[in-house]
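Protein chains in written order, with the numbering used here: chain A, 2 to 290; chain B, 26 to 389. Worksheet: the structure to be examined is printed underneath.
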Amino acid sequence: MKLFNQFSILLFAITFLAFSACNNDDDNNPTETPGTISVFLDNKLGDERISMKESGSKDYQLTDQDGQSYNISLFAYYVSEIELLGPNGTQYLDPLNVSPNAEEVTGYYHVISTTPNSNVINLENVEAGTYDKIRFTVGVNESGVQQGAAGGVLDPANGAWFWNWNAGYIGFGVEGSASNSGQEYVDRGNGFETLEGTYAVHVGGWKDVEPAPGEDKKFVNNIKVIELDFDSAISIKEGLTPQVHINVDFAEILKGIDFSTTYSVHRPDLGKPFAEKLINVFELDHVHQ
Amino acid sequence: MYLNSTMSTNSRQQLRFPTSPVFYWACLAILLFSACSEEEEPTPTVDRYEFRVPENFPAPTYTFENNPITKAGFQLGKALFYDPNLSRDGSVSCNNCHIQATAFADSPVHPLSVGVDNRLGIRNAPPLVNMAFFPEFFWDGGVTHLDFVPINAIESEVEMDETVENVVAKLNGSEKYRQLFKEAFDVEEVTLPFALHALSQFTNRMISANSRYDQYIREEGESLSALELEGFSVFKAKCGACHSGELFTDFSYRNNGLDSTFADTGRNRITALESDIGKFRVPSLRNVALTSPYMHNARFGTLEEVLDHYNNGMVYYKTLDEGLIQPDGRLGIDLDASEKEAIIAFLYTLTDTEFTRDTLFFSN
Numbered sequence: 002m003k004l005f006n007q008f009s010i011l012l013f014a015i016t017f018l019a020f021s022a023c024n025n026d027d028d029n030n031p032t033e034t035p036g037t038i039s040v041f042l043d044n045k046l047g048d049e050r051i052s053m054k055e056s057g058s059k060d061y062q063l064t065d066q067d068g069q070s071y072n073i074s075l076f077a078y079y080v081s082e083i084e085l086l087g088p089n090g091t092q093y094l095d096p097l098n099v100s101p102n103a104e105e106v107t108g109y110y111h112v113i114s115t116t117p118n119s120n121v122i123n124l125e126n127v128e129a130g131t132y133d134k135i136r137f138t139v140g141v142n143e144s145g146v147q148q149g150a151a152g153g154v155l156d157p158a159n160g161a162w163f164w165n166w167n168a169g170y171i172g173f174g175v176e177g178s179a180s181n182s183g184q185e186y187v188d189r190g191n192g193f194e195t196l197e198g199t200y201a202v203h204v205g206g207w208k209d210v211e212p213a214p215g216e217d218k219k220f221v222n223n224i225k226v227i228e229l230d231f232d233s234a235i236s237i238k239e240g241l242t243p244q245v246h247i248n249v250d251f252a253e254i255l256k257g258i259d260f261s262t263t264y265s266v267h268r269p270d271l272g273k274p275f276a277e278k279l280i281n282v283f284e285l286d287h288v289h290q
Numbered sequence: 026m027y028l029n030s031t032m033s034t035n036s037r038q039q040l041r042f043p044t045s046p047v048f049y050w051a052c053l054a055i056l057l058f059s060a061c062s063e064e065e066e067p068t069p070t071v072d073r074y075e076f077r078v079p080e081n082f083p084a085p086t087y088t089f090e091n092n093p094i095t096k097a098g099f100q101l102g103k104a105l106f107y108d109p110n111l112s113r114d115g116s117v118s119c120n121n122c123h124i125q126a127t128a129f130a131d132s133p134v135h136p137l138s139v140g141v142d143n144r145l146g147i148r149n150a151p152p153l154v155n156m157a158f159f160p161e162f163f164w165d166g167g168v169t170h171l172d173f174v175p176i177n178a179i180e181s182e183v184e185m186d187e188t189v190e191n192v193v194a195k196l197n198g199s200e201k202y203r204q205l206f207k208e209a210f211d212v213e214e215v216t217l218p219f220a221l222h223a224l225s226q227f228t229n230r231m232i233s234a235n236s237r238y239d240q241y242i243r244e245e246g247e248s249l250s251a252l253e254l255e256g257f258s259v260f261k262a263k264c265g266a267c268h269s270g271e272l273f274t275d276f277s278y279r280n281n282g283l284d285s286t287f288a289d290t291g292r293n294r295i296t297a298l299e300s301d302i303g304k305f306r307v308p309s310l311r312n313v314a315l316t317s318p319y320m321h322n323a324r325f326g327t328l329e330e331v332l333d334h335y336n337n338g339m340v341y342y343k344t345l346d347e348g349l350i351q352p353d354g355r356l357g358i359d360l361d362a363s364e365k366e367a368i369i370a371f372l373y374t375l376t377d378t379e380f381t382r383d384t385l386f387f388s389n
């Protein structure tokens, strides 16, 4: 009994200390009501907003440094594991949940050109406080894939971009036409076709399995984590509607591509050079209260 | 039941009563205990839908916490499994290539899968047993979660050639299915993830763990003949490095010397590595006597041919498994006639006819 009592006192002391430590952070008072924040992903091609074209259209929007003219007819990417970070180590993690029930899927966002406003992510119930940095994942990593069939933006029958055979989600994809694309017309049957002069770059691949000793690395993991500092700190609390504006520049991911030879990218290893450029694609524009 | 005629005498011997005195003491104790109780105990009802890990099996890999097997979910999965409406023209169901009599492998008359419009696939459909314990699926391991397996069969143009969107639309148009989904998952609308969960419930329940080998290894009163035991011993020494564990596979991908050029590059299709060209998953050997033809491309019709291949039929390619190259450079595994006979006798003990005849899986 005596031992138990001493143990209880110790436990109480530790709990009290831990609790006090939390309260020392003046910026994040847990008693304050949580707030909301909106993250705007402003999709661009160079300095301009993307002017979406029909697939196969020869109406090009941009001419790159190599003289290739191209446009965009379709794009989509996943954003997940959004975190807000504060100057004093405060942290808010947007809750992640995978479920077959669409309403219960949280924390995964599919920004897709055919879905209006999918580029605006509203985070609710964010712990009140000061934040000066955002971190998020482009793609759906192992924890999102390996829980099995999921609903909502992760449902392949509901618009999810999913690879069947090498199963997993396409983290970042862009399609369009280019003046020098080597793509010829292909009739894929059942009404599906690939038009002449088009290109498609799909970046997927999430496996991160370490190879056995002496073996080559088996898989390409193209999941990328993006971390962006705010130009000024923002406050989140009830009644405020802060916004984060991030430019997503598709010219950056296509920079250096030779459309005459690279016009059909549908494999993790082929997507890797593009995945490496994702860090340049996402850039903070500004934040405001 | 036992296709190898040399074994039939022996299998009849297994019907004799146990001779161990412990057995009779146990019976006596049970009788005495029964006599003491005043009321007759109700027979405990066995939940046949519950997922149970066989005593001699490893831990399952499936995410049961997200999708436990229920009676209603299993019944919905079964309805989907046997429904040809999952295919574009209503002609092909999962059952077309996965039939219970062959442990849910394809019929021997379909060495390669046959899809809509009689389109021919490129691989032999493997048996669907004990998948709850598999880390990866298909001959090349491209799918890492059981839930995603059926999407491939549905959307493959040489199999069902249908889109998952259309499957969902067809199911939503059926009053019967809307009711089954409601009962299984309490949802008003049919969606793909719940359909996939139902199919996983049905296939996860396909546990085959009651072969004579299992009853022997679990010491349930079964014994193996001298020939079978000899085969078990040779098997462990000469095949067990790859066909290891209670599922008789280490789930690795290996080139076992079938070809030197590859139209189907196997594991390389997933990893894109040259070092994986011509590698395919080491298959489980449970029910192997029922699952002819053998190999991903259905190369061999009999187990004898398979063992002849391992003995002296191999072709060299740079990815050939190192374990199949002998120190003096010869290819394959030395097996004499008596060893082959013994191994095959042992492989027949892996046949689980209780599973292949289990009415639980019969189409309603």
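Ideal Cβ placement from N, Cα and C applies to all residues, glycine included.
Residue i, enclosing beta strand (DSSP E) - first and last residue
| i | result |
| --- | --- |
| residue 244/A | 244-250 |
| residue 205/A | 199-205 |
| residue 130/A | 130-139 |
| residue 294/B | Premise fails: residue 294/B lies in the alpha helix (DSSP H), 293-296, not in any beta strand (DSSP E). |
| residue 229/A | 225-237 |
| residue 1/A | Look at the range of chain A in this structure, 2 to 290, and you will see that residue 1/A is not part of it. |
| residue 321/B | No beta strand (DSSP E) holds residue 321/B; DSSP gives it neither H nor E. |
| residue 36/A | 36-46 |
Residue range of the alpha helix (DSSP H) that includes residue i
| i | result |
| --- | --- |
| residue 256/A | That residue, residue 256/A, is in no alpha helix (DSSP H); it is neither H nor E in DSSP. |
| residue 237/B | 237-242 |
| residue 368/B | 362-373 |
| residue 82/B | Careful: residue 82/B lies outside any alpha helix (DSSP H) and carries neither H nor E. |
Closest residue to residue i among the options (Cα-Cα distance)
| i | options | result |
| --- | --- | --- |
| residue 229/A | 199/A, 283/A, 52/A and 60/A | 283/A |
| residue 129/A | 269/A, 98/A, 254/A and 239/A | 239/A |
| residue 124/A | 191/A, 68/A and 243/A | 243/A |
| residue 275/B | 285/B, 154/B, 307/B and 293/B | 307/B |
| residue 281/A | 235/A, 260/A, 255/A and 106/A | 255/A |
| residue 227/B | 244/B, 174/B and 264/B | 174/B |
| residue 345/B | 132/B, 367/B and 290/B | 290/B |
| residue 309/B | 240/B, 298/B, 319/B and 143/B | 319/B |
| residue 130/B | 359/B, 107/B, 312/B and 91/B | 312/B |
| residue 156/B | 199/B, 136/B, 230/B and 253/B | 230/B |
| residue 22/B | 183/B, 165/B and 388/B | No statement about residue 22/B is possible, as the shown extent of chain B runs from 26 to 389 and does not include it. |
| residue 93/A | 191/A, 289/A, 222/A and 35/A | 35/A |
| residue 168/A | 194/B, 176/B, 83/B and 191/B | 176/B |
| residue 218/B | 105/A, 70/A, 78/A and 87/A | 105/A |
| residue 376/B | 316/B, 330/B and 212/B | 316/B |
| residue 305/B | 258/B, 297/B, 94/B and 277/B | 277/B |
| residue 370/B | 80/B, 328/B, 128/B and 223/B | 328/B |
| residue 202/B | 186/B, 187/B, 223/B and 188/B | 223/B |
Buried or exposed by the 16-neighbour rule on C-beta atoms within 10 Å, applied to residue i
| i | result |
| --- | --- |
| residue 384/B | exposed |
| residue 113/B | buried |
| residue 89/A | exposed |
| residue 160/B | exposed |
| residue 37/B | Model confidence at residue 37/B stands at a pLDDT of 36, short of 50, so the residue's coordinates are unreliable; what they give is reported in the following sentence. Result: exposed. |
| residue 373/B | buried |
| residue 48/A | exposed |
| residue 77/B | exposed |
| residue 364/B | buried |
| residue 379/B | exposed |
| residue 1/A | Within the shown structure, residues of chain A are numbered from 2 to 290, placing residue 1/A beyond reach of any answer. |
| residue 187/A | exposed |
| residue 381/B | buried |
| residue 30/B | Low confidence applies to residue 30/B: its pLDDT is 36, below 50, so where it sits in the model is not reliable, and the reading given next is rough at best. Exposed is the call here. |
| residue 366/B | buried |
| residue 184/B | buried |
| residue 288/B | exposed |
| residue 184/A | buried |
Any residues in the region 293-312 of chain B with a beta carbon nearer than 7 Å to a beta carbon of chain A? Which ones, in chain order?
295, 296, 297, 298 and 300
Unbroken stretches of the beta strand (DSSP E), 3 residues or longer, contained in the region 75-121 of chain A
75-86, 92-94 and 109-113
Can you list the alpha helix (DSSP H) stretches of 4 or more residues lying completely in the region 200-224 of chain B, in chain order?
200-210
Of the residues that make up the region 139-152 of chain B, which ones have a beta carbon closer than 7 Å to any beta carbon in chain A?
none
Interface residues of the region 118-151 of chain A facing chain B [CB-CB below 8 Å]
146, 147, 148, 149, 150 and 151
What residues in the region 170-202 of chain A bring their beta carbon closer than 8 Å to a beta carbon of chain B?
190 and 191
Runs of alpha helix (DSSP H) wholly within the region 125-181 of chain B (minimum 4 residues, chain order)
174-180
Against chain A, which members of the region 253-285 of chain B pass a CB distance test of less than 7 Å?
none
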